[in-house]
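Using this note's numbering, read the sequence shown as starting at 65 and increasing by one per residue.
The structure appears right after this line, and notes come after that.
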Amino acid sequence: MDWRPVLGVSPPPPALRPVLPGRLRFPATLYGTSGSENVCVCVCVCVLVVQKIFSFIIPITVHLSVFRSVLDSPSRLDEEHQLIAQYAARLAAESANSLHPMSDLGFSFDATKQQRQLIAELENKNREMLQEIQRLRAEHEQASQRTPEKAQQNPALLAELRHLRQRKDELEQRMSALQGSRRELVVQLEGLMRLLEVRGYHHCRTPRI
Numbered sequence: 065m066d067w068r069p070v071l072g073v074s075p076p077p078p079a080l081r082p083v084l085p086g087r088l089r090f091p092a093t094l095y096g097t098s099g100s101e102n103v104c105v106c107v108c109v110c111v112l113v114v115q116k117i118f119s120f121i122i123p124i125t126v127h128l129s130v131f132r133s134v135l136d137s138p139s140r141l142d143e144e145h146q147l148i149a150q151y152a153a154r155l156a157a158e159s160a161n162s163l164h165p166m167s168d169l170g171f172s173f174d175a176t177k178q179q180r181q182l183i184a185e186l187e188n189k190n191r192e193m194l195q196e197i198q199r200l201r202a203e204h205e206q207a208s209q210r211t212p213e214k215a216q217q218n219p220a221l222l223a224e225l226r227h228l229r230q231r232k233d234e235l236e237q238r239m240s241a242l243q244g245s246r247r248e249l250v251v252q253l254e255g256l257m258r259l260l261e262v263r264g265y266h267h268c269r270t271p272r273i
């Protein structure tokens with residue numbers, strides 16, 4: 065058999081050329097043609113069949129390769145785990161930050177309560193001291209109203225008057241010291257209250273996620 069027509073020496077007639085797009089087209093008849101033309105027709109039909117097979121196989125292989133790459137590399141799962149871990153860490157940090165102001169506020173409230181109790185005790189002592197001073201003053205006035213002759217005649221009364229005056233001076237010094245400490249405590253209390261107001265304001269203004 066002469067294979068030169070098959071090797072491309074003479075191209076097939078236009079009616080028998082393969083049409084790539086669309087469905088497979090076969091010639092109407094292969095009878096009445098030469099052997100070389102029959103061979104060319106068979107080769108063209110085989111080429112078209114192979115092209116159609118590859119047109120179905122290539123998309124499937126592409127999808128399989130993509131799916132296999134997704135299965136082989138867990139990058140997507142790693143990204144999701146990283147996002148979850150970051151979100152959990154952020155929540156933990158925010159919860160820890162939200163707990164610190166509350167603990168600070170509790171400590172400030174305890175300190176303020178102690179300061180108030182101390183101030184109340186000082187005020188009670190101050191009241192007692194004022195009452196005692198008033199009593200001493202009344203006794204001193206009564207003693208002063210006595211005649212000097214009687215005072216001179218009664219040494220015990222003079223000693224009592226001197227003791228009352230000394231006691232009065234001591235009580236006045238103690239009262240002034242307590243009042244000074246009371247003023248300092250009031251200033252500290254005002255500072256604590258301002259600090260509590262500022263912290264409460266910032267705590268209310270802090271956005272929650």
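All C-beta atoms in this analysis are idealised placements derived from N, C-alpha and C, irrespective of residue type, glycine included.
Can you tell me the Cβ-Cβ gap for residue i and residue j, rounded? I've got them flagged as a contact below 8 Å.
i      : j      : result
GLU185 : LEU235 : 17 Å between Cβ atoms; not a contact.
Helix, strand or coil for residue i per DSSP?
i      : result
ASN188 : helix
PRO91  : Since pLDDT at PRO91 reaches only 47, below the 50 mark, its modelled position is unreliable, and no value is offered.
VAL130 : Bear in mind that the predicted position of VAL130 carries a pLDDT of just 49, short of 50, making it too unreliable to give a figure here.
Would you say residue i lies against chain C (beta-carbon separation less than 7 Å)?
i      : result
ARG258 : Among the chains of the structure shown, chain C does not appear; only one protein chain is present.
Going by Cα to Cα distance, which pick from the options is closest to residue i?
i      : options                : result
ARG191 : GLY255, GLN178, LEU242 : LEU242
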